[in-house]
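2 protein chains.
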Amino acid sequence: MARTKEFDRDEALDAAIGVFREHGYEGSSTDMLVRAMKIGRQSLYDTFGDKWKLYCLAVERYSAGETNAHIAKLRGESRALDGIRAMMERIVEDAGEACLGVSSICEFGQTMPELAALHRAADRRLKDAARERIAEAQISGDVDKTLPAGAVADFLFCSIAGMRIAARGGASREHLQSLGRLTLRAIT
Amino acid sequence: MARTKEFDRDEALDAAIGVFREHGYEGSSTDMLVRAMKIGRQSLYDTFGDKWKLYCLAVERYSAGETNAHIAKLRGESRALDGIRAMMERIVEDAGEACLGVSSICEFGQTMPELAALHRAADRRLKDAARERIAEAQISGDVDKTLPAGAVADFLFCSIAGMRIAARGGASREHLQSLGRLTLRAIT
DNA sequence: CCTTTTTTTGACTAATCATTCCAAAAACGA
DNA sequence: TCGTTTTTGGAATGATTAGTCAAAAAAAGG
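Here the protein sequences line up with chains V and P, keeping their order. Sequence positions in the first sequence follow the numbering used here and run 7 to 194. Sequence positions in the second sequence follow the numbering used here and run 7 to 194.
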């Protein structure tokens with residue numbers, strides 16, 4: 007028996023994610039949030055505690071979704087290198103909206119332990135999946151065998167962060183595609 | 007005859023840069039700013055106008071300094087590739103403090119035209135210098151001749167942005183060095 | 001239909017925000 | 001030393017902030 011609720015918690019959280027990724031934590035007011043989430047102010051506090059807890063939940067949910075999407079692309083092709091390429095291509099497709107992960111790290115660095123812990127957790131899950139597929143590509147001869155798979159994974163996510171900053175800074179789609187190509191070129 | 011002033015405008019601006027790069031625009035209050043700049047509140051408004059103008063001046067000054075530092079490294083070695091490498095190594099050295107350029111793009115994207123214009127200007131100056139040195143390295147055979155020099159330059163700055171995000175996210179020095187090595191590897 | 005739970009609404013703190021005014025203080029130029 | 005300019009500090013403004021309270025409204029369950 008599914009619990010009956012007045013509003014969908016996840017839907018509201020997604021709306022909050024939209025506000026936070028566009029304006030950051032400090033740049034998002036509770037008014038902006040309740041308007042976007044289409045709930046009463048009191049419901050926000052009853053359901054999520056306060057603005058900071060809501061932000062952490064938003065980052066957590068966003069990171070989980072983003073990590074899942076990355077992993078799905080990575081594993082969606084039979085040839086490992088094609089999976090890696092698909093992951094990079096998705097970055098180009100989705101570059102229209104800001105990344106909450108990048109934004110959150112940029113805004114808070116390591117100053118908020120609970121936030122840093124969220125990032126570490128998502129990072130490890132993602133890196134593990136990437137390393138697996140990279141090792142596979144190395145066996146197939148598609149990725150340079152002399153490079154440690156972990157270092158290659160780190161490099162890929164470094165490039166992805168850079169591409170997202172470039173996109174936020176106004177880079178065109180072709181520009182981003184070129185960055186993706188050069189990134190792949192670096193590891194083969 | 008040098009103008010006599012009660013306080014050094016550039017020194018105060020540098021202090022403001024320090025606050026902004028650590029806390030962003032929204033995260034920096036005027037109280038934090040005047041305390042760090044060691045000037046009275048009224049002096050801030052008399053000298054810089056308001057918080058937003060101060061921020062734009064800070065971004066402009068920071069970008070100019072950073073661009074100059076990049077170019078100095080690029081041109082500081084006789085062999086072009088060594089100059090490029092030196093530029094990447096500086097990123098690792100200076101990764102302790104957040105980059106105001108990255109932070110500013112992340113916080114505002116393209117929403118503030120005057121800010122976007124500042125970034126475009128600094129970007130072009132930097133990219134021109136890099137492209138020059140990259141073309142030189144291509145002639146020497148140190149950088150792949152088949153790659154457009156402009157695309158290589160974009161890739162370098164994409165990597166630099168990614169490395170700075172990684173640093174802000176807690177990456178170790180060795181981690182950053184590895185990212186720098188792989189970046190160079192991509193273009194040779 | 002009635003009761004219970006959930007959500008909304010608007011008013012209300014109390015703090016903080018950027019900014020301005022003004023008078024005192026300090027430094028300057030002569 | 002005197003008058004001018006610059007800087008300062010405190011008080012005040014009005015807007016906005018996050019968060020709370022209590023009562024009305026709406027929905028759910030029986």
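Glycine is no exception: its CB is placed at the ideal position from the N, C-alpha and C atoms. Keep in mind the model is a prediction, meaning the values are calculated, not measured.
Outcome for residue i when other beta-carbon atoms lying within 10 angstroms are tallied against a minimum of 16
i	result
Thr-117 (chain P)	exposed
Gly-102 (chain P)	exposed
Glu-113 (chain V)	buried
Ala-21 (chain V)	buried
Ser-146 (chain V)	exposed
Ser-34 (chain V)	buried
Phe-13 (chain V)	exposed
Asp-100 (chain V)	exposed
Arg-96 (chain V)	buried
Arg-27 (chain P)	buried
Euclidean distance between Cα positions of residue i and residue j
i	j	result
Cys-164 (chain V)	Ile-45 (chain P)	39 Å
Gln-144 (chain P)	Thr-36 (chain V)	53 Å
Leu-19 (chain P)	Leu-124 (chain P)	16 Å
Met-38 (chain P)	Lys-79 (chain V)	45 Å
Met-94 (chain P)	Met-43 (chain V)	43 Å
Glu-72 (chain P)	Glu-120 (chain V)	32 Å
His-29 (chain V)	Cys-62 (chain P)	18 Å
Ala-151 (chain P)	Ile-193 (chain P)	The displayed chain sequence assigns Lys, not Ala, to residue 151 (chain P). Each residue's alpha carbon lies about 9 Å from the other.
Ala-157 (chain V)	Asp-134 (chain V)	12 Å
Leu-50 (chain P)	Gly-115 (chain V)	28 Å
Gly-175 (chain P)	Gly-175 (chain V)	20 Å
Val-108 (chain V)	Gly-89 (chain P)	29 Å
Ser-110 (chain P)	Arg-130 (chain V)	28 Å
Ala-122 (chain V)	Leu-132 (chain V)	15 Å
Pro-154 (chain P)	Glu-138 (chain P)	11 Å
Glu-17 (chain V)	Lys-57 (chain P)	36 Å
Glu-264 (chain P)	Ala-86 (chain V)	Summary: the structure shown does not reach residue 264 (chain P), with chain P confined to residues 7 through 194, and so no result is reported for it.
Ile-23 (chain P)	Tyr-68 (chain P)	7 Å
Leu-190 (chain V)	Ala-177 (chain V)	19 Å
Leu-188 (chain V)	Leu-188 (chain P)	11 Å
Ile-77 (chain P)	Val-25 (chain P)	25 Å
Below-8 Å beta-carbon distance, residue i vs any chain V residue
i	result
Leu-188 (chain P)	yes
Arg-27 (chain P)	no
Ala-42 (chain P)	no
Met-38 (chain P)	no
Gly-55 (chain P)	no
Asp-14 (chain P)	no
Glu-113 (chain P)	yes
His-76 (chain P)	no
Arg-191 (chain P)	yes
Chain P within 8 Å of residue i, Cβ atoms only
i	result
Leu-149 (chain V)	At residue 149 (chain V) the sequence reads Val, which differs from the Leu that was named. Val-149 (chain V) does not count as touching chain P.
Phe-161 (chain V)	yes
Gln-144 (chain V)	no
Ser-69 (chain V)	no
Met-118 (chain V)	no
Leu-63 (chain V)	no
Glu-32 (chain V)	yes
Val-98 (chain V)	no
Met-94 (chain V)	no
Ser-178 (chain V)	no
Ile-140 (chain V)	no
Sequence-distant residues of the same chain with beta carbon closer than 8 Å to residue i, five excluded per side
i	result
Val-98 (chain V)	Met-169, Arg-179, Leu-182, Gln-183 and Gly-186
Ala-70 (chain P)	Ala-128
The ligand MG heavy atom lying under 7 Å from the CB of residue i
i	result
Arg-85 (chain V)	Among the components modelled here there is no ligand, and therefore nothing to report on the ligand MG.
Residues near residue i by beta carbon distance below 7 Å, same chain, minus five either side
i	result
Phe-54 (chain V)	Leu-60 and Leu-63
Ala-136 (chain P)	Leu-80, Ala-159 and Leu-162
Asn-74 (chain P)	none
Arg-15 (chain V)	Thr-53
Ala-92 (chain P)	Lys-79, Gly-82 and Glu-83
Tyr-31 (chain P)	Tyr-61 and Glu-113
Val-149 (chain P)	Leu-87, Ile-140, Ala-143, Val-158, Ile-193 and Thr-194
Arg-47 (chain P)	Thr-36 and Val-40
Own chain residues within Cβ distance below 6 Å of residue i, not counting five before or after
i	result
Cys-105 (chain P)	Arg-170
Ala-172 (chain P)	none
Glu-66 (chain P)	Leu-124
Ile-166 (chain P)	Ile-97
Arg-9 (chain V)	Note that Arg-9 (chain V) scores a pLDDT of 39, beneath 50, so its modelled location is shaky and nothing firm can be said.
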